[in-house]
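For any residue, its number in my numbering is found by taking its place in the sequence shown, counting from 1, and adding 18. The beta-carbon is built from N, C-alpha and C at its ideal position, and this holds for glycine as well. Computed from a prediction, not measured in an experiment: that's the story for all the values here. Working notes, beginning with the structure itself.
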Amino acid sequence: MVPVLDAGVDYPSYETIRNLLKSGFDLGWSVLCRDCFAAGDMCLPSTNSKPYTYNCYHNGSNFILALIQLIFSSLVIFLLAVGLISRFIVIPIVFIVFLIYKYRTTRKTVDNVEKFLHIFSKKGTGESFSWEKLHEIALGTARGIEYLHNGCDMRILHFDIKPHNILLDCNFIPKVADFGLAKFYPKERDFVSFWDVLEMAGGRRNSYAEATRSSKVYFPSWVYDQITNGEDLELPDVSEIEVVIARKLCIIGLCCIQVKATDRPSITKVVEMLEGSIDDLQMPPKPFFSSSPQHNSIREIQSDSSTELLESESFEECSYSHQS
Numbered sequence: 019m020v021p022v023l024d025a026g027v028d029y030p031s032y033e034t035i036r037n038l039l040k041s042g043f044d045l046g047w048s049v050l051c052r053d054c055f056a057a058g059d060m061c062l063p064s065t066n067s068k069p070y071t072y073n074c075y076h077n078g079s080n081f082i083l084a085l086i087q088l089i090f091s092s093l094v095i096f097l098l099a100v101g102l103i104s105r106f107i108v109i110p111i112v113f114i115v116f117l118i119y120k121y122r123t124t125r126k127t128v129d130n131v132e133k134f135l136h137i138f139s140k141k142g143t144g145e146s147f148s149w150e151k152l153h154e155i156a157l158g159t160a161r162g163i164e165y166l167h168n169g170c171d172m173r174i175l176h177f178d179i180k181p182h183n184i185l186l187d188c189n190f191i192p193k194v195a196d197f198g199l200a201k202f203y204p205k206e207r208d209f210v211s212f213w214d215v216l217e218m219a220g221g222r223r224n225s226y227a228e229a230t231r232s233s234k235v236y237f238p239s240w241v242y243d244q245i246t247n248g249e250d251l252e253l254p255d256v257s258e259i260e261v262v263i264a265r266k267l268c269i270i271g272l273c274c275i276q277v278k279a280t281d282r283p284s285i286t287k288v289v290e291m292l293e294g295s296i297d298d299l300q301m302p303p304k305p306f307f308s309s310s311p312q313h314n315s316i317r318e319i320q321s322d323s324s325t326e327l328l329e330s331e332s333f334e335e336c337s338y339s340h341q342s
């Protein structure tokens with residue numbers, strides 16, 4: 019049972035929220051404030067860089083102005099993304115627009131990996147796909163990232179690889195999307211990536227490491243223990259081939275979440291591992307995400323954004339801190 023707080027708290031402070039959570043209360047919130055709702059007005063997403071922030075507008079002129087600003091900011095982001103893509107794709111921009119229009123009007127579905135991760139975990143829904151297809155999605159995503167790293171004149175770092183930004187067409191062919199945080203970087207520097215292979219393998223989100231006081235289980239740690247102890251991954255209704263594929267994806271994912279950047283494989287190596295046999299893979303050391311006091315700062319590495327790339331030198335200098 020979860021205790022419920024009957025009286026709402028207007029404009030709670032961080033300390034108030036923290037105390038309520040520590041007391042076991044389940045908090046909920048809405049992006050619509052009661053003042054706007056009572057006045058018949060509405061809130062709009064803020065045009066600043068902070069996500070999940072909203073502004074209140076209590077008259078028509080301010081609302082129209084805010085709507086124009088929101089549309090303009092979205093257009094600027096789109097043009098920046100097009101400018102970035104045009105740097106490494108030698109195709110006239112008009113032809114790119116035509117392809118986008120043609121693609122949008124002829125395809126049957128448009129979804130991202132995040133949605134199908136949870137559908138995949140619910141067998142019998144009629145919408146789930148096989149482990150072979152899941153492996154193809156992981157491999158296609160890795161090849162897309164590998165092209166950004168090594169197939170362009172200037173290396174492109176996505177910096178926001180996560181299931182939500184991997185689109186699937188009607189044939190479940192993955193497309194890397196959302197280059198809003200992407201940056202150019204010289205090829206002389208080496209980077210690693212592909213944290214989300216584990217999430218794809220489990221059909222679930224990677225939870226946080228401190229699971230002793232939570233109903234959530236830290237998936238990478240659980241997977242590592244299952245594989246090293248020779249136990250199964252508790253996969254229902256799967257064949258022996260599918261079990262091998264699942265173990266293969268998990269081992270590759272564990273290689274990609276090593277704490278030290280030098281211990282993680284490059285994306286080119288990840289592609290080779292996905293294309294190769296599980297017999298060629300070696301079990302990496304256990305990812306050292308500990309709940310002990312001396313390693314609390316390591317938890318900062320994990321985030322909902324599942325940041326794809328970390329530079330070796332800067333990773334060591336920032337004492338394992340990470341900002342989304």
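Limits of the beta strand (DSSP E) - the one that residue 299 falls within: Neither: residue 299 is in no beta strand (DSSP E) and is coded neither H nor E.
Which residues in the same chain as residue 193 place their Cβ atom closer than 6 angstroms to its Cβ, once the five residues preceding and following it in sequence are excluded? The answer, listed in chain order, is 185.
Below 6 angstroms CB to CB, which residues in the same chain sit around residue 266 once its five sequence neighbours on both sides are set aside? Result list for residue 266: 296, in chain order.
Under a Cβ-count criterion, where at least 16 other Cβ atoms within 10 Å of its own Cβ denotes burial, should residue 246 be classed as buried or exposed? exposed
Could you check the C-alpha separation between residue 35 and residue 180 for me, to the nearest Å? Taking the straight line from one Cα to the other gives about 29 angstroms.
Start and end of the alpha helix (DSSP H) containing residue 237? 237-246
DSSP-derived helix/strand/coil call for residue 151: helix
State the CB to CB distance for the pair residue 167 and residue 285, rounded to an integer number of angstroms; the pair is presumed to be in contact (CB under 8 angstroms). The C-beta distance from residue 167 to residue 285 rounds to 6 angstroms, short enough to meet the 8 angstroms contact threshold.
Taking buried to mean at least 16 other C-beta atoms within 10 Å of its own C-beta, is residue 301 buried or exposed? exposed
Status (buried if at least 16 other CB within 10 Å, exposed otherwise) for residue 280: exposed
In angstroms with no decimal places, state the Cα-to-Cα distance between residue 174 and residue 203. 6 angstroms
With distances taken from CA atoms, which of 238, 97 and 262 is nearest residue 299? 262
Please report the distance separating the alpha-carbon of residue 303 from that of residue 276. 8 angstroms
Could you tell me the boundaries of the alpha helix (DSSP H) in which residue 265 lies? From DSSP, the alpha helix (DSSP H) with residue 265 extends over 258-274.
From 288, 165 and 269, residue whose alpha carbon lies closest to that of residue 243: The residue with the shortest Cα to Cα distance from residue 243 is 269.
Which whole-angstrom value describes the C-beta separation of residue 238 and residue 292, a residue pair presumed to lie in contact below a C-beta threshold of 8 angstroms? Not a contact, Cβ separation roughly 18 angstroms.
Please identify the residue among 87, 89 and 165 whose C-alpha is closest to the C-alpha of residue 288. With distances taken between CA atoms, residue 288 lies nearest to 165 out of 87, 89 and 165.
Identity of the residue in 171, 201, 89 and 190 nearest residue 156 by Cα: Looking only at 171, 201, 89 and 190, the smallest Cα-Cα distance to residue 156 is reached by 190.
Can you find the residues in the same chain that come closer than 6 angstroms, C-beta to C-beta, to residue 283, ignoring five residues on each side of it along the sequence? 273
Where the alpha helix (DSSP H) through residue 287 begins and ends: 285-293
Exposed or buried, what is residue 89 when buried is set at 16 or more other beta-carbons lying within 10 Å of its beta-carbon? exposed
One question on the structure: do residue 176 and residue 163 come within less than 8 angstroms of each other, judged by their Cβ atoms? yes
Beta strand (DSSP E) segments (min. 3 residues) lying fully within the segment 163-195: 173-175, 184-186 and 192-194
Name the residue from 169, 178, 170 and 151 whose alpha carbon lies nearest to the alpha carbon of residue 188. 151
By how many angstroms is the C-alpha of residue 196 removed from the C-alpha of residue 322? In this prediction, residue 322 scores a pLDDT of 35, lower than 50, which makes its location untrustworthy; no coordinate-derived value is stated.
For residue 40, which three-state DSSP category applies? helix
Rounding to the nearest angstrom, what Cα-Cα distance links residue 40 and residue 33 in this structure? If I take the Cα positions, the gap works out to 10 angstroms.
Roughly how many angstroms lie between the CA atoms of residue 206 and residue 86, to the nearest whole one? Interpretation of residue 206 is limited by its pLDDT of 49, a score under 50 that renders its predicted location unreliable; no figure is taken from the coordinates.
Have a look at 149, 158, 170 and 200 and flag the residue whose alpha-carbon is nearest the alpha-carbon of residue 98. Scanning 149, 158, 170 and 200 for the CA closest to the CA of residue 98 turns up 200.
Specify the secondary structure class of residue 197 as computed by DSSP and reduced to three states. coil
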